[in-house]
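In the working numbering, the protein residues as written are 6 to 301.
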């Protein structure tokens, strides 16, 4: 008994995990009504779209219905899945039901279905669902039919790192490292600009003494100080600007990743609040000083 208990627990956990992977994350349906007429001895299919239910978001869209010989061919569209979703086995499952004029319901047999089939791992335009020999085996002329198409997007959102109860982490809460780096960059640039002003003052004093005919030993120290302070100013100012540029690039990378998470939450957890945008804008003017504009 002691040996079997851990095995039973492991099997139970694996079963729960497999069930979680098959959660229905999104569902949608669309319908198309059609009739097959005899025109000059040939079957001709007329169809009309009754329209989708406007009560919720729609991602399934029927695009076309036609007869290819005796095969009933449906073209439809589903939103593409990204590489992260497909790598975690996210997929669509499609089911189609034929509704007759008298209200009967018929599900096509699995062996008669061709095209993209019931399981679709990549959404896109012009996906195909084909009912082989439908005209010969099921459909009649001058009868009104309706195809009810349903699709479910299945997967395990926890494998994407999503938690609908908590919602996406707000990027604003993790701005402190960016603020620190911005502070360092601004401090360096500000000190550099202060050295630039001091260098200009010393150089102006040097020019004034030189133009007034003062001895060179009296004027040259101001010139030397101006040169030293200008060099320090260049180092500090442009290093500060580089630090701010690196920080902006760092933030852009973090923001891109956060935006990707937000889009996943909008798709799978629409009830979760999505953070607002935070866009830093940086402009640098050496003559007038360094300007940093932060827009929320």
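Here a beta-carbon is modelled for each residue, glycine too, at the ideal position from N, C-alpha and C.
Handout entry: Outcome for residue 128 when other beta-carbon atoms lying within 10 angstroms are tallied against a minimum of 16
Key = Buried: at least 16 other Cβ atoms inside 10 Å.
Exercise for the section: Give the straight-line distance between the Cα atoms of residue 210 and residue 266, rounded to the nearest whole angstrom. Expected result: Answer to the nearest angstrom: the Cα atoms are 59 Å apart.
Handout entry: Where residue 34 sits in the DSSP three-state scheme
Key = It is a strand residue.
Practice task
Have a look at residue 139 and residue 108 and give me their C-alpha separation to the nearest angstrom.
Solution key: Spanning the two alpha carbons is a distance of roughly 18 Å.
Problem - Buried or exposed by the 16-neighbour rule on C-beta atoms within 10 Å, applied to residue 242 - result: The residue in question, residue 242, is buried, as its Cβ has 16 or more Cβ neighbours within 10 Å.
Problem - residue 63 - partner residues in DSSP beta bridges - result: Per DSSP, none; premise fails for residue 63.
Handout entry: Exposed unless 16 or more other CB atoms sit within 10 angstroms - verdict on residue 193
Key = The residue is buried, with at least 16 neighbouring Cβ atoms inside 10 Å.
Practice task
Have a look at 125, 85, 88 and 222 and flag the residue whose alpha-carbon is nearest the alpha-carbon of residue 100.
Solution key: The residue with the shortest Cα to Cα distance from residue 100 is 125.
Exercise for the section: Kindly identify the DSSP beta-bridge partner or partners of residue 80. Expected result: For residue 80, the beta-bridge partners assigned by DSSP are 69 and 133.
Practice task
Classify residue 37 as buried or exposed, calling it buried when 16 or more other Cβ atoms lie within 10 Å of its own Cβ.
Solution key: Buried, since its Cβ has 16 or more Cβ neighbours within 10 Å.
Practice task
Give me the Cβ distance between residue 70 and residue 79, rounded to the nearest whole Å; I'm assuming they're in contact under 8 Å.
Solution key: Contact flag correct, Cβ pair sits at about 5 Å.
Handout entry: Limits of the unbroken alpha helix (DSSP H) element including residue 1
Key = This structure cannot speak to residue 1, because the chain is shown only from 6 to 301.
Problem - residue 327 and residue 106 closer than 8 Å at C-beta - result: The displayed coordinates of the chain run from 6 to 301. Any statement about residue 327 would go beyond what the structure contains.
Problem - Own chain residues within Cβ distance below 7 Å of residue 200, not counting five before or after - result: Residues 234, 237, 238 and 241 of the same chain have their beta carbon placed closer than 7 Å to that of residue 200, with the five preceding and five following residues left out of the count.
Practice task
Rounded to whole angstroms, what's the CA-CA distance from residue 3 to residue 167? Just pull it up for me.
Solution key: Only positions 6 to 301 of the chain appear in this structure, which leaves residue 3 out of reach.
Exercise for the section: Indicate the three-state DSSP secondary structure (helix, strand or coil) for residue 101 in the structure shown. Expected result: If DSSP states are grouped into helix, strand and coil, residue 101 belongs with the strands.
Problem - Three-state secondary structure (DSSP) of residue 51 - result: Residue state, collapsed to three classes: strand.
Problem - For residue 108, three-class secondary structure by DSSP - result: Here residue 108 carries a coil assignment [DSSP, helix/strand/coil].
Exercise for the section: Assign residue 217 to one of two classes, buried (16 or more other C-beta atoms within 10 Å of its C-beta) or exposed (fewer than that). Expected result: Answer is exposed; the Cβ neighbour count stays below 16.
Problem - Supposed contact pair residue 98 and residue 159 - C-beta distance, whole angstroms, cut 8 Å - result: Going by Cβ atoms, the distance from residue 159 to residue 98 rounds to 6 Å, so yes, they are a contact pair.
Handout entry: Which of helix, strand or coil DSSP assigns to residue 117
Key = In the structure shown, the three-state DSSP call for residue 117 is helix.
Practice task
Would you tell me roughly how many angstroms separate the C-alpha atoms of residue 170 and residue 162, rounded to the nearest one?
Solution key: Residue 170 and residue 162 have their alpha carbons spaced roughly 12 Å apart.
Problem - Spatial neighbours of residue 186 in its chain, beta-carbon cut-off 6 Å, leaving aside the 5 residues before and after - result: Correct list, in chain order: 252.
Practice task
State the beta-bridge partners of residue 150 as determined by DSSP.
Solution key: According to DSSP, which records beta bridges pairwise, residue 150 is partnered with 39.
Exercise for the section: Please report the Cβ distance between residue 154 and residue 30, rounded to the nearest whole angstrom; I am assuming they are in contact, meaning their Cβ atoms lie under 8 Å. Expected result: Rounded to whole angstroms, the Cβ separation of residue 154 and residue 30 is 18 Å, and the two are not in contact under 8 Å.
Handout entry: DSSP state of residue 209 mapped onto helix, strand, coil
Key = In the structure shown, residue 209 adopts helical secondary structure according to DSSP, grouped into three states.
Problem - Whole-angstrom distance between residue 45 and residue 118, CA atom to CA atom - result: Residue 118 and residue 45 have their C-alpha atoms some 29 Å from each other.
Practice task
Take residue 172 as the anchor and find which of 54, 271 and 48 has the nearest alpha-carbon.
Solution key: Closest option to residue 172, judged by alpha-carbon separation, among 54, 271 and 48: 271.
Problem - Option nearest residue 54 by Cα separation, candidates 47, 81 and 123 - result: That would be 81, whose Cα lies nearest to the Cα of residue 54.
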